[in-house]
Every structure is written in C-alpha cells, then in structure tokens.
Amino acid sequence: MTSSTEATLAPVKPRWMPRIPVLPWLVWVSITIVAGLVLMALLAPVLAPHDPQAIDLSAPLAGPSAAHPLGTDEAGRDLLSRLIWGARSSLIGPLAVVLASTVVGLAVGVLAGWAGGAVDTVTSGILDLMFAFPGVLLAILAASMFGVGLRAPIIALSLAYLPWIARSVRGATLVEKERPYMAALRVQGTSSFTMCRRHLIPNIAPILIAQSAINFGYVLVDLAAISFLGLGVQAPQADWGLMVSEGQNTIATGAPEQALAASFMFVVAVVSFNILADWLSDRVTGEDE
Amino acid sequence: MIRYVLRRLLALAAVLLAASFLIFAAVYIAPGSPESFLLQGKTVSPATVHAIREQYHLNDPFLVQYQKWLEGVLRGDFGRSIVFRQSVAGLVWSRVSVTAALTLYAALLILIGGVGIGALAAVRRGAVADKGVLIGTSAAAAMPSFVAAIVLAIVFAVHLGWFPVFGSGSGVGGTVWHLTLPAFALALSWVGLVGRVTRSAMLDELRREYVETGRSRGFQERVVIRRHVLRNALIPISTISGIVVAGLISGAVVVESAFALNGLGSLLLQSVTTKDFPVIQAISLILVAVFVIANTVVDVLYVFIDPRVRIGGAR
Amino acid sequence: MSAPLLDVRSLAVELPVRRELRPVLADVSIAVDAGEMVGLVGESGSGKSMTARAIAGLLPPGARVSGEIGFDGRSLTELDRDAVRRLRVSDIAMVFQDPRAHINPVRRIGDYLCESLRINLHVGRRDATELACDLLQRVGLPDPTRRLSQYPYELSGGMLQRVMIAAALAVKPRLLLADEPTTALDVTVQAEILAILDQMRREDGLGMLFITHDLELAAAVCDRICVMYAGRIVEEQPAARLYARPRHPYTQALMQSRPQLEGPAHDLHAIPGVPISAYEAPPGCPFRPRCPYAQEVCERWEPHIEPGPTRVACVRVDELDPAASASIPGLTGG
Numbered sequence: 001m002t003s004s005t006e007a008t009l010a011p012v013k014p015r016w017m018p019r020i021p022v023l024p025w026l027v028w029v030s031i032t033i034v035a036g037l038v039l040m041a042l043l044a045p046v047l048a049p050h051d052p053q054a055i056d057l058s059a060p061l062a063g064p065s066a067a068h069p070l071g072t073d074e075a076g077r078d079l080l081s082r083l084i085w086g087a088r089s090s091l092i093g094p095l096a097v098v099l100a101s102t103v104v105g106l107a108v109g110v111l112a113g114w115a116g117g118a119v120d121t122v123t124s125g126i127l128d129l130m131f132a133f134p135g136v137l138l139a140i141l142a143a144s145m146f147g148v149g150l151r152a153p154i155i156a157l158s159l160a161y162l163p164w165i166a167r168s169v170r171g172a173t174l175v176e177k178e179r180p181y182m183a184a185l186r187v188q189g190t191s192s193f194t195m196c197r198r199h200l201i202p203n204i205a206p207i208l209i210a211q212s213a214i215n216f217g218y219v220l221v222d223l224a225a226i227s228f229l230g231l232g233v234q235a236p237q238a239d240w241g242l243m244v245s246e247g248q249n250t251i252a253t254g255a256p257e258q259a260l261a262a263s264f265m266f267v268v269a270v271v272s273f274n275i276l277a278d279w280l281s282d283r284v285t286g287e288d289e
Numbered sequence: 290m291i292r293y294v295l296r297r298l299l300a301l302a303a304v305l306l307a308a309s310f311l312i313f314a315a316v317y318i319a320p321g322s323p324e325s326f327l328l329q330g331k332t333v334s335p336a337t338v339h340a341i342r343e344q345y346h347l348n349d350p351f352l353v354q355y356q357k358w359l360e361g362v363l364r365g366d367f368g369r370s371i372v373f374r375q376s377v378a379g380l381v382w383s384r385v386s387v388t389a390a391l392t393l394y395a396a397l398l399i400l401i402g403g404v405g406i407g408a409l410a411a412v413r414r415g416a417v418a419d420k421g422v423l424i425g426t427s428a429a430a431a432m433p434s435f436v437a438a439i440v441l442a443i444v445f446a447v448h449l450g451w452f453p454v455f456g457s458g459s460g461v462g463g464t465v466w467h468l469t470l471p472a473f474a475l476a477l478s479w480v481g482l483v484g485r486v487t488r489s490a491m492l493d494e495l496r497r498e499y500v501e502t503g504r505s506r507g508f509q510e511r512v513v514i515r516r517h518v519l520r521n522a523l524i525p526i527s528t529i530s531g532i533v534v535a536g537l538i539s540g541a542v543v544v545e546s547a548f549a550l551n552g553l554g555s556l557l558l559q560s561v562t563t564k565d566f567p568v569i570q571a572i573s574l575i576l577v578a579v580f581v582i583a584n585t586v587v588d589v590l591y592v593f594i595d596p597r598v599r600i601g602g603a604r
Numbered sequence: 605m606s607a608p609l610l611d612v613r614s615l616a617v618e619l620p621v622r623r624e625l626r627p628v629l630a631d632v633s634i635a636v637d638a639g640e641m642v643g644l645v646g647e648s649g650s651g652k653s654m655t656a657r658a659i660a661g662l663l664p665p666g667a668r669v670s671g672e673i674g675f676d677g678r679s680l681t682e683l684d685r686d687a688v689r690r691l692r693v694s695d696i697a698m699v700f701q702d703p704r705a706h707i708n709p710v711r712r713i714g715d716y717l718c719e720s721l722r723i724n725l726h727v728g729r730r731d732a733t734e735l736a737c738d739l740l741q742r743v744g745l746p747d748p749t750r751r752l753s754q755y756p757y758e759l760s761g762g763m764l765q766r767v768m769i770a771a772a773l774a775v776k777p778r779l780l781l782a783d784e785p786t787t788a789l790d791v792t793v794q795a796e797i798l799a800i801l802d803q804m805r806r807e808d809g810l811g812m813l814f815i816t817h818d819l820e821l822a823a824a825v826c827d828r829i830c831v832m833y834a835g836r837i838v839e840e841q842p843a844a845r846l847y848a849r850p851r852h853p854y855t856q857a858l859m860q861s862r863p864q865l866e867g868p869a870h871d872l873h874a875i876p877g878v879p880i881s882a883y884e885a886p887p888g889c890p891f892r893p894r895c896p897y898a899q900e901v902c903e904r905w906e907p908h909i910e911p912g913p914t915r916v917a918c919v920r921v922d923e924l925d926p927a928a929s930a931s932i933p934g935l936t937g938g
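Chains as they are written, first to last, in the working numbering: chain W, 1 to 289; chain U, 290 to 604; chain L, 605 to 938.
Structure representation (structure tokens):
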C-alpha cells in the first residue's frame with residue numbers, strides 16, 4: 001500500500017457505486033428509500049406483524065399468505081417481520097463503524113498533518129500497518145479472538161477504515177496548513193488547538209464528510225458479509241446478511257425466497273445509500289468526478 | 290528510480306514484520322492467558338498442553354517467543370493445528386491452490402471484463418453499447434460477493450443447472466467448471482467498478498491533445514487507442530487496484546463459504562468455529578502478506594506506467 | 605504551370621453542435637506550392653486551425669465538408685477517411701501549438717520520434733533511432749542520444765517544439781501544416797524555431813502553411829499571407845505588400861492595433877467589438893459591425909472572394925483605395 005507520506009495526493013477511496021450521473025429524481029428516490037429504511041429500523045416493533053423470532057415449526061417455508069405476506073423461513077418465522085427487524089442490525093453496525101472511524105480518523109489525521117515531523121512519520125507508519133489488513137479479514141481475526149457477535153467486527157472495521165479517513169484528513173490538513181490565513185493566525189499568536197478546532201476542521205470537513213459517506217456503503221457490505229459468514233449477528237436474531245446465509249440452505253430445494261428477499265433488501269439499501277453518498281460528496285466538495 | 294523501488298521494498302518488509310508481530314501477539318491480546326485462549330477450555334491431555342507450550346515457546350520471554358515463531362514462519366513452519374493435530378503448513382498447502390485458482394480466475398475476469406467493457410463504452414460513447422455498459426456496471430457494482438453468489442447460484446446452478454452449486458472439482462477442466470460461478474460472484478462488483486473507472490479514464494484521455502497528434506500522424510484509430518488512450522488510462526485505473534485486491538481477498542472468504550469450496554477462506558472460517566488459532570494465524574498472515582505484496586507490486590509498476598512520479602519525492 | 609501542392613478551393617465546413625450543423629468555414633481558397641510558406645493569419649474563432657484540420661482530414665465525425673481540397677493533383681474531398689489517413693502518414697504532417705500537451709507525457713522522446721517510422725513505415729529500430737538522432741541535431745538539439753531516452757517533462761517548451769518539428773519531418777512530408785508553432789514560446793526561441801522551419805522549406809522543398817495570430821510574425825517569414833475573419837479569407841497578398849499596404853479594413857485594423865516602439869506614445873488602437881466565428885456572422889459582410897468604413901451596401905453584399913494570388917473581400921475596396929487597385933494588375937474585389 002502506498003505509504004502515507006508519499007500518498008498525499010492519493011485519491012479518496014473510490015466510490016463504491018461507480019458514479020451515476022445524479023439526476024434529481026434518483027436522489028429523491030434514494031432519500032425516500034433511506035428514510036424508509038431508517039424508519040423501518042426505528043419502528044420495527046410497531047411495524048412488524050409478528051415477533052421475528054417466533055418459531056412455528058408447523059408451517060416452515062410456507063409461501064405468501066394473509067398471515068405471512070412474504071412467507072416463512074425454515075423455522076416457521078415470518079419473513080416480513082424478520083426483514084423489518086433486520087434493518088436494525090444492518091444499519092446500526094455501519095453507523096457505529098463510520099462514526100468511530102471518522103472521529104478517531106479525524107483526530108489522527110489532524111495530528112499527523114499538523115504536527116508533522118517525527119509525529120507524522122510514526123503515525124503514517126502505523127497507518128501503513130493498518131492499511132495492510134483488509135476489513136473483513138481483520139473482523140474475522142477479531143471474531144476469533146473476542147468471540148462472535150457484532151461487537152468485535154465493529155471495532156475491527158472501525159480500525160480498518162480509520163486509516164482511509166486519517167490519510168484523507170492528513171492530506172487535507174497539509175494543504176490547509178499552508179494557506180496564508182493560517183500564517184496570519186499564527187502570527188497573531190493563536191494556539192494550535194484553537195486553529196485546528198475553529199479553522200482547520202471546518203475547512204476540511206467537506207472532504208471528511210464525503211469520505212465518510214462513501215465509507216458507509218463499503219461498511220454496510222462488509223458487515224453484512226461478516227454476518228453472512230456467521231461471525232457477526234448471531235441466530236436467532238434477524239439480520240439481512242444472516243438471513244441470506246440461512247436462506248442458502250433452501251436454495252437447492254427450490255425455495256429461494258428468503259435468500260432473495262434479504263438480498264433484495266440489502267441491495268436496495270446499498271444502492272440508495274451510495275447514490276446519496278455520491279450526491280452528498282458532490283455537493284459538499286463541489287467537485288465533479 | 291532504483292532507490293524508489295528499494296524504499297518500497299523496505300517499507301514492504303517493515304509492514305510485513307509489524308503485521309506478523311501483531312498476528313503473533315494476538316494470542317496475548319485475546320482475553321485470558323495464551324494457554325487458556327489457545328485451548329479454549331477444551332479438555333486435553335497433558336501431552337497436548339505440553340505440546341502447545343512448546344509450539345508457542347510460552348516459557349520463553351515474549352520477544353524470544355516472537356523471534357522463534359517468526360523463524361519458524363520463515364522456514365515454512367506454522368506450527369501444528371490444535372484441532373487436526375497435523376502441521377498447519379500441510380493443511381494450508383493443500384488448500385492454497387483452490388484459493389489461488391479462484392482469485393486468479395476472478396482477477397482475470399476483472400481485468401479483461403472490467404477494462405474491456407470500460408474501453409468499449411468509452412470508444413462507443415453515447416451509443417447503445419455505452420448505455421448498456423453504464424447500466425450493467427451500475428447493477429454489477431451493487432452486488433457484493435455474497436449477494437452475487439446467491440443470485441448466480443439460483444439462476445445458473447439451481448434453475449438452469451449449467452454449473453454445480455458446491456465443491457471445487459478436480460482436474461483442470463473440472464476445476465474451471467466448478468470455480469466459474471464462484472469466480473463470477475467474486476468478480477462481479479469489481480467488474481462494475483473497474484468498468485466505470487476505465488470508461489471515465491479513457492473518456493478523459495480521448496480528449497487529450499496528444500491523441501490528436503497520434504491521429505495526425507496517420508495512425509489507425511485502434512493504434513491510437515492502444516498506444517495512447519488505453520496506455521495512459523492505466524494510471525487512474527491502477528489507483529483503485531488496492532481496493533480491488535482487498536475486495537478479492539475478503540470476497541474469496543465469502544465466496545468459498547457460499548459455494549463450499551475447500552480453499553484457505555473456508556479453512557479460516559472453519560478454524561474460527563473450532564477455535565484452531567494456529568491455523569487462523571497462519572492464514573491471516575498469508576492473506577495479509579499477499580495483500581501487501583500485491584500493493585507493493587502495483588506501487589512499483591506505477592512508476593513505469595507514470596514516469597512523472599519520479600520528479601516528485603521519489604529521488 | 606504545374607499544379608500547386610495544396611489547392612483548396614471554396615472550402616466550406618459545418619460542424620455538428622448539439623444536433624445542428626454550424627458553419628465554421630466558408631468559401632476558403634488557399635494554394636501552397638512546394639517550397640512556399642503561406643501564412644494564415646487570424647484571431648481566435650477565425651477558423652484558421654479548422655482549415656488546417658480540414659485539410660488533414662482531422663475534423664470530428666459528423667462534420668460536413670464541401671468544396672475542393674486538392675493535394676498533389678488528387679482530390680482529398682473525394683477520398684474516404686482511410687485514404688486520407690494514409691496521406692497523413694508521410695505526405696502531410698502537422699505541428700501543433702502547445703508541444704507539452706501534444707506529446708504523450710508518459711512515453712519517452714525516442715518513442716515519440718520513432719513511433720511513426722516504426723509502426724507506419726516499418727523502419728527497423730536501429731535505423732529509426734539513427735534517423736531520430738539526425739533529426740534532433742538538425743533542429744538544433746545537442747546530445748541527441750541522451751534526449752531519446754528522456755521524458756517530455758525533462759525538456760523545456762522550446763526543446764519540445766523542436767522535437768515535434770523533428771518528428772513531423774521524420775516521415776519526409778511534402779506539406780507541413782504548422783498551427784501556431786511558436787505561440788507558446790519565448791520570443792528568442794521563436795526566432796530559432798522559425799529559422800529551422802525556413803531552412804526546411806529551402807532545403808527539402810517543403811510546402812508550408814503557417815498559421816498564426818501574429819500578423820507581424822507572418823510577414824517576417826512567409827511568402828504570402830491570407831487573412832481570415834469569421835471563417836472566411838478576407839485578404840491575400842504577397843507578404844511584403846500586405847505588410848506595407850493592407851487593403852482590407854480588417855487587416856488595416858490589425859496592423860494599426862500593434863503597439864509601436866517608435867514615435868510618440870499614444871493610446872492603443874483597438875478594434876471595437878469582438879471577433880466572431882462563422883456561425884455568428886450577420887447578413888452581408890461579416891466584418892461590417894466593426895468596420896469603420898461600413899455602409900449600407902456592405903449589408904446587402906453577398907460575401908465572396910475570387911481565387912487568386914492577390915485578392916480582397918471588400919465591396920468598397922476600389923473606392924477606399926483606388927490607387928492601390930489600379931497598380932496591381934489582376935486584382936479583383938467586390
């Protein structure tokens with residue numbers, strides 16, 4: 001991986017969704033979907049017709065019916081309810097990762113870029129080390145050390161995505177630091193801390209926001225993959241990634257509904273979030289790719 | 290230029306060393322004492338406990354342990370699997386070919402497919418082919434490996450029956466046939482990304498003045514495209530190579546699980562379930578090493594693709 | 605009298621812009637003989653670069669071309685794109701304005717120079733390298749062997765322009781189209797480049813179309829000058845005569861707007877308005893809105909210019925400068 005010191009001009013992590021020319025209607029559709037998903041997550045107890053974990057072995061893999069609009073899974077649990085409840089874990093995890101990696105990444109990046117010298121070299125070296133671990137791999141390693149569940153993967157992914165934020169922030173800090181107004185502030189005797197807090201960070205915020213928004217899409221996929229592998233959200237909880245994995249068993253026997261339904265929800269979520277991320281990124285940085 | 294390569298190699302060595310240290314120290318970072326962690330509460334004979342202590346040199350000071358472990362690794366000795374009671378290296382070796390074949394197959398698809406359709410779209414901008422590629426790549430990019438695995442399995446394996454659902458097959462032909470769906474599932478989202486990046490990179494290049502120079506010298510269009518457009522477009526394309534390689538490695542684990550392939554990825558997952566930490570350490574180290582080496586190779590090649598980087602910082 | 609090397613007659617070009625065809629060139633006629641340097645002078649939008657591209661067959665797809673482009677007796681307008689392309693290999697060469705933008709920055713100079721020789725003309729590597737070295741020396745670049753392995757970023761703009769000229773000459777063309785070859789360069793380097801071009805003309809019998817916005821520069825090096833405005837030729841005369849006595853009001857205005865080194869200081873004389881492209885031209889004479897001599901007749905006049913070595917496209921030229929008209933035989937106008 002390109003060392004941080006040599007990669008000041010490296011591009012931000014590329015958009016997951018190759019940039020669709022963002023038409024207003026598409027953005028509106030995405031906003032609606034995202035809002036819908038968020039509501040779904042928040043209001044799951046109210047929206048879901050059944051308890052997502054209520055097993056009913058008398059009616060496994062039932063087709064759509066009045067009671068179960070999307071049918072049931074192998075254990076007779078209502079698919080629709082599970083999908084609705086699945087929004088919670090599927091969205092909260094990425095949110096936690098993005099928040100953590102953004103906050104810590106910002107701090108590290110500003111520190112490295114602002115202080116420069118030995119601090120920068122050491123920090124960049126540590127970041128280079130962190131870059132060496134692909135997110136999912138680190139999450140698997142963490143799960144093996146600290147046990148399955150969402151907690152270890154979330155921390156691992158935060159660590160895996162942190163260096164991307166830190167590198168962008170560091171680059172932006174290096175550029176911003178050299179601007180004339182900074183020199184003026186320095187002459188006035190403003191403390192470094194104040195300069196960072198009141199001037200640097202607001203000015204590099206656009207890049208930070210853009211990168212974080214784009215990361216959300218990547219993390220969404222990574223966490224779902226980890227749950228798919230059985231290392232994240234555990235049964236009997238409802239989670240889209242986990243549901244796809246559970247639904248795998250029944251594909252060969254001609255009942256792909258669970259896997260497809262969960263996949264569909266997931267893809268819709270990813271696409272919508274990424275369209276929004278691209279739009280936000282364009283708005284905030286004022287750039288066109 | 291040589292100095293740049295040497296510096297990259299040095300950085301590579303440093304990162305590998307640090308990563309190996311982290312992976313080694315994981316035994317200590319994990320909750321509980323190293324022994325109890327490694328044994329995970331299994332009831333084992335005193336001989337096994339003794340073997341564990343020996344393997345990890347738990348009686349020695351920490352850094353000596355690391356040194357001995359590292360020496361073993363460099364010799365190809367990753368210790369013994371707690372679950373299988375055989376050499377980890379042997380276990381890994383028997384699985385490497387599947388993962389390697391899968392990843393290379395997918396990488397080939399990404400390179401040829403992704404760059405190919407991106408180039409096609411750029412050259413036929415605005416035409417039907419271009420619009421088709423735009424839609425196709427957007428759809429593809431939204432399908433990460435586990436989703437792609439499911440969809441491909443449902444359509445091509447269950448419904449159409451063209452490909453097998455599980456297993457890695459034997460012999461060259463059998464392997465290719467078995468690995469086709471997994472490779473496509475693995476490659477799909479990256480083909481989307483690479484296709485789009487290629488397309489926009491080539492569209493950028495087509496506007497450049499030196500392309501006009503090429504045409505003014507009487508070269509056929511395809512010669513100009515090859516020698517100047519595609520060649521220069523490699524620069525922006527290679528900048529996403531790191532992401533793609535990371536995605537291939539992570540995705541390989543997912544795809545191997547989905548299609549029940551007996552590669553390194555599925556062994557890794559299995560080991561997490563059975564808490565066979567020596568195997569986890571070995572595979573993690575291998576995958577990280579592959580990743581870092583691949584990135585370094587790209588970094589070094591980058592200097593050949595874009596000689597201008599030699600002006601800044603490299604000398 | 606043998607046919608001129610390049611014989612453009614009543615060339616008109618329309619380009620597709622957002623689903624409609626816009627005229628960019630109208631009634632352009634130029635002739636260039638072997639060993640002759642003809643200047644094509646005009647401001648931005650006048651169509652001078654477009655003329656060169658039309659001759660070389662480098663117009664974008666969808667362009668509509670009418671009129672005649674004769675090269676060495678053959679009609680280029682009747683040939684298909686591939687045939688014209690083959691002419692570009694070694695008969696017609698072009699040199700462009702910004703050498704740094706026109707040379708691929710990630711390939712070596714040697715590659716750039718030998719590319720055409722090796723791929724189009726199947727010259728072997730050693731021969732091509734030798735030829736390249738000779739050419740570099742001819743254009744005044746010392747230490748050519750080292751240059752060949754360098755990258756464009758290692759050379760200055762002036763050196764790169766020489767390299768571009770060397771590359772153009774490598775294929776031994778008969779016609780050289782030079783589109784503002786010195787505009788991006790310092791004045792001193794300019795003079796050297798022009799000297800090289802002049803030498804080529806004399807030694808190799810190269811016919812050259814020298815495109816520039818600098819009338820004075822053209823007058824210094826060219827045999828004849830054509831002045832373009834709004835996609836049309838408005839005046840053509842032998843260079844010395846044009847310089848001494850410009851006849852078209854536009855040419856006169858161009859001459860007058862040059863800052864003078866001698867004489868008392870005075871305000872710069874600028875032509876009111878902005879130069880226009882062909883598709884923006886009003887009915888009648890395209891220069892009328894900016895012409896100090898414009899009258900009603902100018903608006904009704906259908907702009908045209910007879911082909912010939914000395915010509916002016918102005919309906920009032922005879923009354924504005926009768927003495928000059930009378931002394932030049934064969935002059936037609938209006």
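Glycine residues also receive a C-beta, built at the ideal position from the N, C-alpha and C atoms.
Quantities reported herein were computed from a predicted structural model and do not represent experimental measurements.
Can you have a look at W/T2 and say buried or exposed, based on whether 16 or more other CB atoms are within 10 angstroms of its CB? Its pLDDT being 42, under 50, W/T2 is placed unreliably in this model, and the value from its coordinates should be taken loosely. W/T2 sits buried, since 16 or more C-beta atoms from the chains shown fall within 10 Å of its C-beta.
Any residues in the stretch 100-132 of chain W with a beta carbon nearer than 9 Å to a beta carbon of chain U? Which ones, in chain order? Under the 9 Å Cβ criterion, the stretch 100-132 of chain W contributes G125, I126, D128, L129, F131 and A132.
Residues of chain L with a CB under 7 Å from the CB of U/P596: which are they? Close partners of U/P596 in chain L (Cβ separation under 7 Å): V710 and Y755.
Strictly under 9 Å for the Cβ-Cβ distance: is U/R604 near chain W by that measure? Any reading at U/R604 must be qualified, since the residue scores a pLDDT of 29, below 50, and its modelled position is unreliable; the value itself is stated next. The C-beta of U/R604 comes no closer than 9 Å to any C-beta of chain W.
Tell me where the beta strand (DSSP E) around U/F310 begins and ends. U/F310 -> not in any beta strand (DSSP E); alpha helix (DSSP H) instead, spanning I291 to I318.
By DSSP, does L/V910 sit in helix, in strand, or in coil? For the record, residue 910 of chain L in the displayed sequence is Glu; it is not Val. Under the three-state reduction of DSSP output, L/E910 falls in the coil class, being neither helix nor strand.
Nearest residue (CA-CA) to L/Y807, options L/R778, L/A823, L/V767 and L/Q899: Note that residue 807 of chain L corresponds to Glu in the displayed sequence, not to Tyr. For L/E807, the nearest C-alpha among the options comes from L/R778.
Unbroken beta strand (DSSP E) run spanning U/S383, endpoints: For U/S383, no beta strand (DSSP E) encloses it; the enclosing alpha helix (DSSP H) starts and ends at V377 to L397.
If you scan the stretch 834-894 of chain L from start to end, which runs of the alpha helix (DSSP H) of 4 or more residues do you find wholly inside it? Runs found: 843-848 and 853-860.
May I have a chain-ordered list of the alpha helix (DSSP H) segments no shorter than 4 residues that lie completely inside the stretch 26-65 of chain W? The stretch 26-65 of chain W contains, as complete alpha helix (DSSP H) runs of 4+ residues, the segments 44-47 (chain order).
Can the beta-carbon of U/S434 be found closer than 9 Å to that of U/V362? With contacts defined by Cβ atoms closer than 9 Å, U/S434 and U/V362 do not form a contacting pair.
Where do the ends of the beta strand (DSSP E) carrying L/R613 lie? Unbroken beta strand (DSSP E) run through L/R613: L610 to V621.
Selected residue, minimal CA-CA separation from W/A115, among W/A184, W/D222 and W/E178: Check the Cα spacing between W/A115 and each of W/A184, W/D222 and W/E178: the tightest is with W/E178.
Members of the stretch 562-579 of chain U that neighbour chain W once the beta carbon cut-off is set at 8 Å: Contact residues of the stretch 562-579 of chain U toward chain W are T562, K564, F566, I569, S573, L576 and V577 (C-beta to C-beta distance below 8 Å).
In DSSP terms, what L/V642 is bridged to: Beta-bridge pairing links L/V642 to L/L813 and L/R828.
Report buried or exposed for W/W164, applying the criterion of at least 16 other Cβ atoms within 10 angstroms of its Cβ. That one is buried.
Can you grab the Cα-Cα spacing for the pair L/S633 / L/L759, in whole Å? L/S633 and L/L759 have their C-alpha atoms some 38 Å from each other.
How would you list, in chain order, the residues of chain U whose beta-carbon sits under 8 Å from the beta-carbon of L/R690? Those are G507, listed as they occur along chain U.
By DSSP, does L/L683 sit in helix, in strand, or in coil? Three-state DSSP puts L/L683 in coil, outside helix and strand.
Any C-beta of chain U under 9 Å from that of L/M698: Put simply, the CB of L/M698 is near chain U, with a gap under 9 Å to one of its CB atoms.
Pick helix, strand or coil for L/P665, following the three-state DSSP scheme. If DSSP states are grouped into helix, strand and coil, L/P665 belongs with coil.
Any C-beta of chain W sitting closer than 9 Å to the C-beta of U/V447? True, the Cβ-Cβ gap to chain W drops below 9 Å.
Residue burial classification, U/L380 (beta-carbon count within 10 angstroms, cutoff 16): Under this definition U/L380 is a buried residue.
Counting C-beta neighbours from all protein chains within 10 Å, is the total for W/Y181 16 or more, i.e. buried, or is it exposed? Under this definition W/Y181 is an exposed residue.
Sheet register partners of L/S670 (DSSP bridge): According to DSSP, which records beta bridges pairwise, L/S670 is partnered with L/A616.
Between the CA atoms of U/D419 and U/E510 - distance to the nearest angstrom: When rounded, the distance between both Cα atoms is 18 Å.
Neighbour flag for L/D731 against chain U, beta carbons, 9 Å: Not an interface residue.
Are the stretch 390-400 of chain U and the stretch 465-475 of chain U touching by the rule of at least three beta carbon pairs closer than 8 Å? Below 8 Å, enough C-beta pairs join the stretch 390-400 of chain U and the stretch 465-475 of chain U to call them touching: three or more.
Counting only runs that start and end within the stretch 426-514 of chain U, where is the alpha helix (DSSP H) found for 4 or more residues in a row? With a minimum length of 4 residues, the continuous alpha helix (DSSP H) runs that stay inside the stretch 426-514 of chain U are 434-441, 460-495, 498-505 and 510-513.
How do the stretch 802-818 of chain L and the stretch 779-788 of chain L stand: do at least 3 beta-carbon pairs fall below 8 Å, yes or no? Flag = yes, the stretch 802-818 of chain L and the stretch 779-788 of chain L touch.
Could you name the residues of chain W that U/P433 contacts, counting a contact when the two beta carbons are closer than 7 Å? U/P433 reaches chain W at V221 and A225, counting residues in chain order whose Cβ is nearer than 7 Å.
Please tell me whether, using a cut-off of 8 Å, the distance from the CB of W/I214 to the nearest non-hydrogen atom of the ligand ATP is below it. This structure lacks the ligand ATP; in fact it carries no ligand of any kind.
Find the nearest neighbour of W/F131 within the set W/P60, W/A166, W/L260 and W/T190, judged by alpha-carbon distance. Comparing alpha-carbon positions, the option among W/P60, W/A166, W/L260 and W/T190 lying closest to W/F131 turns out to be W/A166.
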